[in-house]
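*Asks:* Next up is a structure, given as structure tokens.
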Amino acid sequence: MKFRASTGMNSAKFAQPITSNPKMTYLKGSCPNMHIYDAIIVGARVAGCATGMLLAKAGFDILVVDRDALPSDKPHSTHLIHPPGIRRLRDWGLLQDIENSGCPPIHEYGLAVGTMDLMAPLPPDGDVSTAFAPRRRVLDAILLDAAVAAGAEVRPETLATGLVYEQERVVGVRLRSGGREVVERARLVIGADGVNSRVGTWAGAQKYLERPRRLTSIWSYWTGTSVTEVPTWRDDHNYAFAWPTNDGAVLAGVTWRSEDFKRLKIKDKEAALFGVMDRFDPQLAAQMRVGERIEEWRTGSVPNYFRESFGAGWALVGDAGYCRDPSTAAGITDALRSAEYLAEEIICAWEGKVSEEQALARYEYRRNVRQRPIYEYTTDFARLDPYPSDVLEIMTKASSVPRFAQGLTGLFAQTQDPLEFFSPHNMSQILRETGAPESFRIGALKAISSPNVYRLPGVPAVMRAMLASRLGDMGDYLREAERARNRWRGMTGWQSNPELLEEKWSTPAS
Ligand SMILES: Cc1cc2nc3c(=O)[nH]c(=O)nc-3n(C[C@H](O)[C@H](O)[C@H](O)COP(=O)(O)OP(=O)(O)OC[C@H]3O[C@@H](n4cnc5c(N)ncnc54)[C@H](O)[C@@H]3O)c2cc1C
Numbered sequence: 025m026k027f028r029a030s031t032g033m034n035s036a037k038f039a040q041p042i043t044s045n046p047k048m049t050y051l052k053g054s055c056p057n058m059h060i061y062d063a064i065i066v067g068a069r070v071a072g073c074a075t076g077m078l079l080a081k082a083g084f085d086i087l088v089v090d091r092d093a094l095p096s097d098k099p100h101s102t103h104l105i106h107p108p109g110i111r112r113l114r115d116w117g118l119l120q121d122i123e124n125s126g127c128p129p130i131h132e133y134g135l136a137v138g139t140m141d142l143m144a145p146l147p148p149d150g151d152v153s154t155a156f157a158p159r160r161r162v163l164d165a166i167l168l169d170a171a172v173a174a175g176a177e178v179r180p181e182t183l184a185t186g187l188v189y190e191q192e193r194v195v196g197v198r199l200r201s202g203g204r205e206v207v208e209r210a211r212l213v214i215g216a217d218g219v220n221s222r223v224g225t226w227a228g229a230q231k232y233l234e235r236p237r238r239l240t241s242i243w244s245y246w247t248g249t250s251v252t253e254v255p256t257w258r259d260d261h262n263y264a265f266a267w268p269t270n271d272g273a274v275l276a277g278v279t280w281r282s283e284d285f286k287r288l289k290i291k292d293k294e295a296a297l298f299g300v301m302d303r304f305d306p307q308l309a310a311q312m313r314v315g316e317r318i319e320e321w322r323t324g325s326v327p328n329y330f331r332e333s334f335g336a337g338w339a340l341v342g343d344a345g346y347c348r349d350p351s352t353a354a355g356i357t358d359a360l361r362s363a364e365y366l367a368e369e370i371i372c373a374w375e376g377k378v379s380e381e382q383a384l385a386r387y388e389y390r391r392n393v394r395q396r397p398i399y400e401y402t403t404d405f406a407r408l409d410p411y412p413s414d415v416l417e418i419m420t421k422a423s424s425v426p427r428f429a430q431g432l433t434g435l436f437a438q439t440q441d442p443l444e445f446f447s448p449h450n451m452s453q454i455l456r457e458t459g460a461p462e463s464f465r466i467g468a469l470k471a472i473s474s475p476n477v478y479r480l481p482g483v484p485a486v487m488r489a490m491l492a493s494r495l496g497d498m499g500d501y502l503r504e505a506e507r508a509r510n511r512w513r514g515m516t517g518w519q520s521n522p523e524l525l526e527e528k529w530s531t532p533a534s
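Be aware that the sequence shown starts at 25, since it is given in our numbering, and climbs by one per residue.
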């Protein structure tokens, strides 16, 4: 399995650090009288407007285009934002606008599965431990206003139809609006154009670590229920969720494995949803029946992939560069994070501190290091495979100890690194405090309850192997991450050496 940087790069195609007249130097000889933006961003929603806002705030000349009329809703999203996303919105001065929209804060997440009935406070990201689920018409409008206020030019109802190249470098975009086609030029073209990005396709960006679509969801909005936090439920067939949003409404939905959903050919969505909700939470189902469904039904699923996210004159951000099953409600949080990483790295390059190639390589690397464990956790969760009985026993016991329960909610809320949670050290602590399942009381693990036993030679490896064999995709990744750590031990300085970066991305085949 390869986890790697964009291929086919030729350093000569990348811009050199800027001199006194950056635009002239950069595209010397191409078309001296034409306006050249610093960046043109295709897609004006979460990733596009956040990136545009951050670059415009730093003083750069930014054009953001979107084929949609704006501001507008994006109906195919259940729009829950975890604390790391909320922390960024707060840092950018936008959280107040979300609060002012009447969207209530969320403080706890839960998961009921088999014997476990978890509901615990969210571990914080920095000093932010709340989530919100603002309607997309609210969130996207706030980000759009912020991009415009920062000085970005935004053109709605403008379709990008292709990239413009000069000597194998992207130098602009073809845009169609009101029946007119124009070419706009930029130092960098950024695809923030969502799932299966056209900018990515035109640039030849390859997907990697792809996984099949896992789950398909149906959902709608109700009034008259008392959901104030985020309860979720799961068994071997379905996953279900509910959370509060704007206008006193609650979003509630149910998912099936995508192949089951296709086979079932569900016509009556109301009956299908209540069939599952009655099983998971009869009390909430009864409330929803008495309450009123105030919107039409929505259906959605997404593919799972990472995608090469930069090349000469172009970059991808948000879903365009990385996309995962919506069951862990991660897309907006991830898009805000990748927008921040990309903007930070581009600013470094445009301030002349590093080359554009280094900056963009660093962006993709930072994103991947942060997102990969979440990706593995998500794609594994979304299989809906039954938890092995000993894993469920550990989770059930852990959920009764507040700090471990918070760790479990943090896996979903992106404030608990899955690699740390499933580390031998943490597992050993959980097992010591709550007691090991029968199947763990073997061999080297017999002494699990004695302090620091996990430090004895061989014990962590046995524990990791036992856990990995029970944790699906996440387990494979735990093994891979451990091998990679061994291989890279002592390596430093990747920041200034793209070749080393390449080395770090290439993990041993598993
Ligand atoms: C069923 C479902 C449930 C989800 N639930 C959640 C959730 O609860 N929480 C969460 O965080 N995420 C959720 N997501 C994911 C989330 O919606 C996305 O991750 C998020 O919208 C990504 O933002 P983005 O800015 O990258 O892309 P998008 O929001 O998709 O925006 C891309 C924009 O690009 C524009 N565009 C595309 N092509 C062109 C072109 N050629 N020219 C001009 N404009 C173009 C589009 O019009 C669009 O406005 C869910 C997704 C689905 C499908």
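Yeah, the Cβ is synthetic: ideal placement off N, Cα and C, and Gly gets one too.
Would you report the Cα separation of Gly499 and Ile242, rounded to the nearest angstrom?
*Replies:* What you label residue 499 is simply residue 475 of the sequence shown in a count that begins at 1. What you label residue 242 is simply residue 218 of the sequence shown in a count that begins at 1. Distance between the alpha carbons of Gly499 and Ile242: 29 Å.
*Asks:* Does the structure place the region 429-446 close enough to the region 102-120 that three or more beta carbon pairs sit under 8 Å?
*Replies:* Flag = yes, the region 102-120 and the region 429-446 touch.
*Asks:* Distance check for Gly459 and Ile472, CA to CA, integer angstroms please.
*Replies:* Numbered from its first residue, the sequence shown carries residue 472 at position 448. Numbered from its first residue, the sequence shown carries residue 459 at position 435. Because the pLDDT at Ile472 is just 49, under 50, the model does not fix this residue reliably, and the value given afterwards should be weighed accordingly. When rounded, the distance between both Cα atoms is 9 Å.
*Asks:* List the endpoints of the continuous alpha helix (DSSP H) containing Gly299.
*Replies:* Within the sequence shown, numbered from 1, the residue matching residue 299 stands at position 275. Run containing Gly299: 293-304, per the alpha helix (DSSP H) assignment.
*Asks:* Within this structure, are the beta carbons of Val188 and Arg204 separated by less than 8 Å?
*Replies:* The residue labelled residue 188 in the question sits at position 164 within the sequence shown. The residue labelled residue 204 in the question sits at position 180 within the sequence shown. The answer is no: Cβ separation not under 8 Å.
*Asks:* Please classify Thr256: is it buried, with 16 or more other beta-carbons within 10 angstroms of its beta-carbon, or exposed?
*Replies:* Along the sequence shown, one-based indexing puts residue 256 at 232. The residue in question, Thr256, is buried, as its Cβ has 16 or more Cβ neighbours within 10 Å.
*Asks:* Within 10 angstroms of its Cβ, does Lys291 collect 16 or more other Cβ (buried), or is it exposed?
*Replies:* Residue mapping note: residue 291 aligns to position 267 of the sequence shown, counting from 1. It is exposed - the Cβ of Lys291 has fewer than 16 other Cβ atoms within 10 Å.
*Asks:* Alpha carbon to alpha carbon, how far is Gln307 from Thr75? Give it in angstroms, no decimals.
*Replies:* To locate residue 75, count along the sequence shown from 1; it is residue 51. To locate residue 307, count along the sequence shown from 1; it is residue 283. One C-alpha to the other measures close to 43 Å.
*Asks:* Beta carbon of Asp155: closer than 7 Å to some heavy atom of ligand 1?
*Replies:* In the sequence shown, the residue the question calls residue 155 occupies position 131. Per the sequence shown, residue 155 should be read as Ala rather than Asp. Ala155 Cβ: outside cutoff for every heavy atom of ligand 1.
*Asks:* So the candidates are Ala68, Cys127, Ala184; which of them puts its Cα closest to the Cα of Val172?
*Replies:* Residue mapping note: residue 172 aligns to position 148 of the sequence shown, counting from 1. Closest by alpha carbon: Ala68.
*Asks:* Can we say the region 246-265 touches the region 407-424, given the rule of at least three CB pairs closer than 8 Å?
*Replies:* Segments in contact, yes.
*Asks:* Short check: CB of Arg209 to CB of Val195, under 8 Å?
*Replies:* One-based indexing of the sequence shown puts residue 209 at position 185. One-based indexing of the sequence shown puts residue 195 at position 171. Yes.
*Asks:* Could you give the DSSP three-state label for Arg159: helix, strand or coil?
*Replies:* Residue numbering aside, residue 159 sits at position 135 when the sequence shown is read from its first letter. Coil.
*Asks:* I'd like to know whether the C-beta atoms of Ala344 and Gly215 end up nearer to each other than 8 Å.
*Replies:* In the sequence shown, counting from the first residue as 1, residue 344 sits at position 320. In the sequence shown, counting from the first residue as 1, residue 215 sits at position 191. It is a contact, given that the beta carbons lie within the stated cut-off.
*Asks:* What number of angstroms, rounded off, separates the C-alpha of Thr154 from the C-alpha of Lys231?
*Replies:* Against the sequence shown, residue 154 aligns to sequence position 130. Against the sequence shown, residue 231 aligns to sequence position 207. When rounded, the distance between both Cα atoms is 33 Å.
*Asks:* Nearest-angstrom Cα distance between Glu253 and Leu275?
*Replies:* The count along the sequence shown starts at 1 and reaches residue 253 at position 229. The count along the sequence shown starts at 1 and reaches residue 275 at position 251. Approximately 11 Å between the Cα atoms of the pair.
*Asks:* Is it the case that the CB of Val326 approaches a heavy atom of ligand 1 more closely than 7 Å?
*Replies:* Indexing the sequence shown from 1 puts residue 326 at position 302. Yes, since a heavy atom of ligand 1 falls inside the 7 Å radius drawn around the Cβ of Val326.
*Asks:* At the level of alpha carbons, what is the spacing between Gly175 and Val152?
*Replies:* As a first step, residue 175 is located in the sequence shown; it is residue number 151 there, counting from the start. As a first step, residue 152 is located in the sequence shown; it is residue number 128 there, counting from the start. When rounded, the distance between both Cα atoms is 28 Å.
*Asks:* Checking the sheet assignment: what are the DSSP bridge partners for Arg200?
*Replies:* Taking the sequence shown and counting its residues from 1, the one referred to as residue 200 is at position 176. Looking at the DSSP assignment, Arg200 forms a beta bridge with Leu183, Glu205.
*Asks:* From the DSSP output, which residues share a beta bridge with Pro268?
*Replies:* Taking the sequence shown and counting its residues from 1, the one referred to as residue 268 is at position 244. Note: Pro268 sits in a beta bridge opposite Val274.
*Asks:* Quick check: what's the CA-CA separation for Gly126 versus Thr269?
*Replies:* Walking along the sequence shown from the start, residue 126 turns up at place 102. Walking along the sequence shown from the start, residue 269 turns up at place 245. So the two alpha carbons sit approximately 8 Å from each other.
*Asks:* DSSP three-state call for Ala489: helix, strand or coil?
*Replies:* Reading the sequence shown from its first residue, position 465 is the one you call residue 489. Here Ala489 sits in helix by DSSP.
*Asks:* Take the Cβ of Lys421 as the centre, count every other Cβ of all protein chains shown within 10 Å, and call the residue buried at 16 or more, exposed below.
*Replies:* The sequence position of residue 421 within the sequence shown is 397, counting from 1. So Lys421 ends up on the buried side.
*Asks:* Taking Asp404 and Gly496 to be in contact with their CB atoms under 8 Å, please state how far apart those CB atoms are, rounded to whole angstroms.
*Replies:* On the sequence shown, residue 404 is found 380 positions in, with the first residue counted as 1. On the sequence shown, residue 496 is found 472 positions in, with the first residue counted as 1. That belief holds up - the Cβ atoms of Asp404 and Gly496 are roughly 4 Å apart, short of 8 Å.
*Asks:* Could you pull out every residue in the same chain whose Cβ sits closer than 6 Å to the Cβ of Leu384, ignoring the five residues on either side in sequence?
*Replies:* As a position in the sequence shown, residue 384 is number 360, starting the count at 1. Counting only Cβ-Cβ distances below 6 Å, and skipping sequence neighbours, we find Phe334, Ala339.
*Asks:* Thr75 lies in the beta strand (DSSP E); which residues open and close that run?
*Replies:* Within the sequence shown, the letter at position 51 stands for residue 75. Careful: Thr75 lies outside any beta strand (DSSP E), inside the alpha helix (DSSP H) at 70-81.
*Asks:* In whole angstroms, give me the CA-to-CA distance for Arg281 and Arg287.
*Replies:* The sequence position of residue 281 within the sequence shown is 257, counting from 1. The sequence position of residue 287 within the sequence shown is 263, counting from 1. Arg281 and Arg287: Cα-Cα distance of roughly 10 Å.
*Asks:* With hydrogens ignored, establish whether the beta-carbon of Ser201 is closer than 7 Å to any heavy atom of ligand 1.
*Replies:* Along the sequence shown, read from residue 1 onward, the residue named residue 201 stands at position 177. Because no heavy atom of ligand 1 lies under 7 Å away, the Cβ of Ser201 does not count as near it: no.
*Asks:* What is the C-beta distance between Val89 and Ala184, in whole angstroms, given that I count them as a contact (C-beta under 8 Å)?
*Replies:* As a first step, residue 89 must be located in the sequence shown, where it is residue number 65. As a first step, residue 184 must be located in the sequence shown, where it is residue number 160. Confirmed, about 6 Å.
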